[in-house]
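Okay, so here's the structure we're looking at.
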Amino acid sequence: MNSKISKNKHYQITIEELNADQQPANSLQFDYQDREDLFKLVEHLNASSGLENNDAKRLAVSLRLIGPLMMQNRKHPLFAEFFPHFKTFMQHLKSTVKQASASN
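Per our numbering, the very first residue in the sequence shown carries number 7; after that it's consecutive.
See below:
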């Protein structure tokens, strides 16, 4: 028997809408797996992207949620036109972060 060991990280995402008193008014939650360490990615983007901390977190999470989904479905009509632009964006982001890391 050949068992495949998963190298994926397991995450649970919770999003809460806050009312005027900063109390949860509504929420949604879902699980997902990713080959990337999301916490290391947030740390890396925070240090090298030039974005504010909160914006770096939002970018890292959003990219890791949409990127693999789009790769799996790149020929799907929802993603077909956007995929080439996303690929260009990711190449630019990686080069920008790499340059910033090298100068630190």
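Where is the CB? At the ideal position from N, CA and C, for every residue including glycine.
Helix, strand or coil at Ser107 according to DSSP, with G and I counted as helix
Along the sequence shown, read from residue 1 onward, the residue named residue 107 stands at position 101. Looking at Ser107 - three-state DSSP - the assignment turns out to be helix.
Ser54, buried or exposed, once every other Cβ within 10 Å from all chains shown has been counted against 16
Translated into positions along the sequence shown, residue 54 becomes position 48. When all chains shown are included, Ser54 counts as buried.
What's the gap between the Cα of Met96 and the Cα of Ala31?
Counted from its first residue, the sequence shown places residue 96 at position 90. Counted from its first residue, the sequence shown places residue 31 at position 25. Approximately 35 Å, taken between the alpha carbons.
Just checking, does the region 40 to 58 make contact with the region 13 to 21 on the three C-beta pairs under 8 Å criterion?
Result yes; three or more Cβ-Cβ pairs closer than 8 Å.
Give me the Cα-Cα distance between Pro90 and Gln29, rounded to the nearest whole angstrom.
The residue labelled residue 90 in the question sits at position 84 within the sequence shown. The residue labelled residue 29 in the question sits at position 23 within the sequence shown. One C-alpha to the other measures close to 40 Å.
Simplified DSSP state of Gln39, which is helix, strand or coil
To locate residue 39, count along the sequence shown from 1; it is residue 33. The three-state reading of DSSP puts Gln39 in strand, counting E and B together.
By the 10 Å Cβ neighbour count, where 16 or more other Cβ atoms means buried, how is Ser9 classified, buried or exposed?
In the sequence shown, counting from the first residue as 1, residue 9 sits at position 3. Note that Ser9 scores 49 on pLDDT, short of 50, meaning its location in the model is unreliable and no value can be drawn from it.
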